[in-house]
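Per my numbering, residue 45 is the first one in the sequence shown, and the count goes up by one each step.
To start, the structure under review is shown below, and the notes come after it.
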Amino acid sequence: EVTRAAYPDPTDKTGKYVAVDFKALKPVAKPVTLAAIKAEKKLQTLPLVKQGRLSVMPIEDASWKPMLAMGK
């Protein structure tokens with residue numbers, strides 16, 4: 045859940061980047077790694093898989109549900 049919308053990243057001296065604050069709604073039993081996401085065929089269309097250095101992105105239910113299942 046997003047707790048604070050995008051704001052200037054206080055660690056970025058260039059002023060080009062933003063930060064977003066969020067909190068987990070419940071714990072995930074098993075961590076879902078980037079390697080596991082990239083290996084999952086259902087998630088190949090995610091910007092996270094297609095673009096480098098992406099840290100925040102919207103995600104549709106069709107992709108979110110398989111990721112939650114991967115975390116058990």
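Every residue, glycine too, gets a C-beta built ideally from N, C-alpha and C.
Computed from a prediction, not measured in an experiment: that's the story for all the values here.
Query: Buried or exposed for L112, please, with buried defined as at least 16 other CB atoms from any protein chain shown within 10 angstroms of its CB.; Result: exposed
Query: Starting from D105, follow the alpha helix (DSSP H) in both directions and report where the run begins and ends.; Result: D105 to G115
Query: Could you round the C-beta distance between A73 and K116 to whole angstroms and report it? I think they count as a contact, below 8 Å.; Result: 4 Å
Query: By Cβ distance, which residues of its chain are closer than 7 Å to V62, with the 5 residues on each side in sequence left out?; Result: A50, Y51, P52 and D53
Query: In whole angstroms, what is the alpha-carbon distance linking L78 and V93?; Result: 8 Å
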